[in-house]
Structure formats: structure tokens, C-alpha cells
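Please read the structure below before turning to the comments.
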Amino acid sequence: MLKAVLFDMDGVIVDTEPLHRKAYHQMFDDVNIKVDAALYESFTGQSTINICKRLVDHFTLRETPEYLMRLKRKHYKYLFTHDDELALIDGVLDLIKDYYANGVTLVVASSASMHGINQIFERFDLNQYFSAKFSGADLEKSKPHPEIFIKAAESTGFEKSECMVIEDSTNGIKAANGAGIFCTAFRSEHSSGQDYSLANMVVSSFDEITFNKQKDFFKN
277 MLKAVLFDMD
287 GVIVDTEPLH
297 RKAYHQMFDD
307 VNIKVDAALY
317 ESFTGQSTIN
327 ICKRLVDHFT
337 LRETPEYLMR
347 LKRKHYKYLF
357 THDDELALID
367 GVLDLIKDYY
377 ANGVTLVVAS
387 SASMHGINQI
397 FERFDLNQYF
407 SAKFSGADLE
417 KSKPHPEIFI
427 KAAESTGFEK
437 SECMVIEDST
447 NGIKAANGAG
457 IFCTAFRSEH
467 SSGQDYSLAN
477 MVVSSFDEIT
487 FNKQKDFFKN
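Per our numbering: the sequence shown = residues 277 to 496.
In C-alpha cells:
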């Protein structure tokens, strides 16, 4: 039976991608680099510090990854307060409430910083539904490494066979697959160019994975 759902955050719970995209591109301008669409799409699902490390290596920058990260977060902080594009993904709040009402344990496992996760959860009053929050920025390995989902699943107290991951990125799907956890890929308009081939199922609407529709996949 389905007993726990491990949610990615960006692109699954909240549409922060437009804000992150703006913040990253402002940072790219700050250090005078040109990041093409293919390279930018490959960042999806990775933590900010690991993206900045890749940028320093790729462009042989004199700036440190930590400096780039501070620039990006400065821009994002401003946009979070002043940009009106920030919103929950359509249907996700109903899905969260549906799982919660049916006794499913909910955990967020995101590459975002814990500060960023808490900002979103406080703004949209989500803490009441979730038992735990995990940030990839606090772990040794970032997605696509499975560490974050292994730890998130362990926190629920249930077997991995009783858990499901909801992800929208290639790196996140690889992480769920590596952790040996059933993965539902959410085909988001904000996550273009992602590879869903390792997912157990792919959906375009959260109506497709309500508790009553998903529970048959997890019969013991």
C-alpha cells in the first residue's frame, strides 16, 4: 500500500523556475558568461552550489563557486519578494491534501537550500502537511545521486516499496531510480528537455495520481 510520498519542490510543488531562471541569468551577466539553453537545462534538479561549481569549471572562471552562489541568491531573494510570477503548481495543493487526508506520510526532498524550502512552505502554509524536509544542499551528494531520497524514505519509517517519489527533472528521476523507489515523473511545462525514460510512470496532471488511483500500484 502507498504509505509515503516524497515530493521534489521546484517544478512539482511550486513554480519557482521563472524566478530561478531570472536570478541565474542575472548572475551570468554579473560574471559575463553566456550559458546556452542545453547547458542550462542540464542544471535542472541540481543544487545551486553544484551548478556554480560546474560553471566555474566549464568557463574557467576566477570567481569561486561560493561567490557565484551568493550572487544568484541575492537576485533570487529580491525576485521572491518583488516578482508576481511565484505560484503553486496547478492541482498540487489538492493532491497534497488528498494524500494527507488518507494518512499518507509526506516528505519534501529538494535540491533547494533549506532556507529556500522554508520560504516556500511558510509562504504557502505547507508545513502542516509534511512530516520532514530534506535539502540536497545539506548532503554530501546532489541529485542525480540517490542519497536524498534514501534518507527521505528512511525518515518515514516505511519500506521503500511503500514509497513514491514525484519528480520533474532528469536528475531527480535518476536519483529516485538509483534509490530503488517508484518514481512518478510530472511532465511540467517549466521543465523542458527532461528525460523521463527511467520513471515508472509519467503524468501531465496531478489528477492522474490521486490516492485512490495510485494505491493499486502499491498492493502488498
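Glycine is no exception: its CB is placed at the ideal position from the N, C-alpha and C atoms.
Identify whether residue i lies in helix, strand or coil by the three-state DSSP scheme.
{"i": "Thr324", "result": "helix"}
{"i": "Val332", "result": "helix"}
{"i": "Ala461", "result": "strand"}
{"i": "Lys409", "result": "strand"}
{"i": "Leu347", "result": "helix"}
{"i": "Met390", "result": "helix"}
{"i": "Met285", "result": "coil"}
{"i": "Ile309", "result": "coil"}
{"i": "Glu443", "result": "strand"}
{"i": "Leu364", "result": "strand"}
Rounded to whole angstroms, what is the Cα-Cα separation between residue i and residue j?
{"i": "Asp359", "j": "Ala299", "result": "11 Å"}
{"i": "Ala385", "j": "Lys350", "result": "23 Å"}
{"i": "Asp284", "j": "Ala388", "result": "9 Å"}
{"i": "Ile449", "j": "Tyr472", "result": "7 Å"}
{"i": "Lys373", "j": "Asn447", "result": "27 Å"}
{"i": "Asp508", "j": "Thr486", "result": "No statement about residue 508 is possible, as the shown extent of the chain runs from 277 to 496 and does not include it."}
{"i": "Cys439", "j": "Ile309", "result": "41 Å"}
{"i": "Leu331", "j": "Met277", "result": "43 Å"}
{"i": "Ala428", "j": "Ser411", "result": "10 Å"}
{"i": "Phe356", "j": "Val368", "result": "20 Å"}
{"i": "His296", "j": "Tyr352", "result": "6 Å"}
Starting from residue i, follow its DSSP beta bridges and name the residues at the other end.
{"i": "Thr381", "result": "Ala280"}
{"i": "Met303", "result": "BP columns for Met303 are empty, so no partner."}
Between residue i and residue j, how many whole angstroms is the CB-CB distance? I'm expecting something under 8 Å.
{"i": "Val288", "j": "Glu443", "result": "7 Å"}
{"i": "Pro422", "j": "Gly469", "result": "About 22 Å; that fails the 8 Å criterion."}
The region 334 to 342 contacting the region 392 to 402, beta-carbon criterion three pairs below 8 Å: No, the region 334 to 342 does not touch the region 392 to 402.
Okay, do the region 319 to 333 and the region 370 to 385 touch, 3+ Cβ pairs below 8 Å being the bar? The region 319 to 333 and the region 370 to 385 do not touch, with fewer than 3 CB-CB distances between them shorter than 8 Å.
Evaluate contact between the region 355 to 371 and the region 289 to 298, counting only Cβ atoms and requiring at least three cross-stretch pairs below 8 Å. Short answer: they touch.
With contact counted as at least three CB pairs below 8 Å, one residue from each stretch, are the region 309 to 325 and the region 413 to 420 in contact? The region 309 to 325 vs the region 413 to 420: in contact.
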